[in-house]
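Asks:
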Amino acid sequence: MKLNPSYNIRPTNEKKYKAQNKLYRFNKNKLIKDLKKLLSTIKESLSNATHLTTNNFRYQKDQRAKTNLEKLKKDVSSLLSKVQ
0 MKLNPSYNIR
10 PTNEKKYKAQ
20 NKLYRFNKNK
30 LIKDLKKLLS
40 TIKESLSNAT
50 HLTTNNFRYQ
60 KDQRAKTNLE
70 KLKKDVSSLL
80 SKVQ
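First residue of the sequence shown? That's 0 in numbering that gives the first Met the number 0, and the numbers climb one at a time after it.
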């Protein structure tokens with residue numbers, strides 16, 4: 000049985016400092032802000048895709064893009080509600 004070589008090694012102060020700085024870059028408020036921005040971009044793209052599919056340009060790729068955007072919007076909305 001092999002043990003992890005860093006099993007009994009305690010982190011140095013420098014490693015702790017680097018880990019703490021990395022943690023500060025990621026917080027709940029920033030995540031919520033980024034998810035809301037992503038959701039608004041998806042909604043805008045979905046609006047454009049809906050406009051394309053209703054103006055006699057019924058291309059198969061546009062329909063597929065619209066379907067994928069609707070699914071993505073639903074997933075991001077549910078993730079945002081879980082985070083909040």
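Think of the CB as a built atom: it goes at the ideal place given N, C-alpha and C, for glycine as much as any other residue.
1) Should L68 be labelled buried (16 or more other beta-carbon atoms within 10 Å of its own) or exposed?
2) Let's test the definition: count the other Cβ atoms within 10 Å of the Cβ of A18 and tell me whether it reaches 16, buried, or not, exposed.
3) For S44, tell me which candidate among T11, Q62 and S77 has the shortest Cα-Cα distance.
4) How close, in whole Å, do the beta carbons of L79 and L51 come, if the pair is a contact with beta carbons under 8 Å?
5) Please report how far the alpha carbon of S39 lies from the alpha carbon of S77, in whole angstroms.
6) Helix or strand or just coil, what does DSSP make of Y16?
7) How far does the alpha helix (DSSP H) with Q59 in it reach, from first residue to last?
Replies: So, to answer that:
1) Taking the sequence shown and counting its residues from 1, one reaches residue 68 at position 69. Per the 10 Å Cβ criterion, buried.
2) Sequence index remark: in the sequence shown, residue 18 carries index 19 (1-based). Exposed, because fewer than 16 other Cβ atoms sit within 10 Å of the Cβ of A18.
3) Numbered from its first residue, the sequence shown carries residue 44 at position 45. The option with the nearest alpha carbon to S44 is Q62.
4) Taking the first residue of the sequence shown as position 1, residue 79 is located at position 80. Taking the first residue of the sequence shown as position 1, residue 51 is located at position 52. Not confirmed; about 26 Å, so no contact.
5) One-based indexing of the sequence shown puts residue 39 at position 40. One-based indexing of the sequence shown puts residue 77 at position 78. If you take the alpha carbons of S39 and S77, they lie about 14 Å apart.
6) Position 17 of the sequence shown holds residue 16. Collapsing the DSSP output to three states places Y16 in a helix.
7) In the sequence shown, counting from the first residue as 1, residue 59 sits at position 60. Q59 to V82 is the extent of the alpha helix (DSSP H) around Q59.
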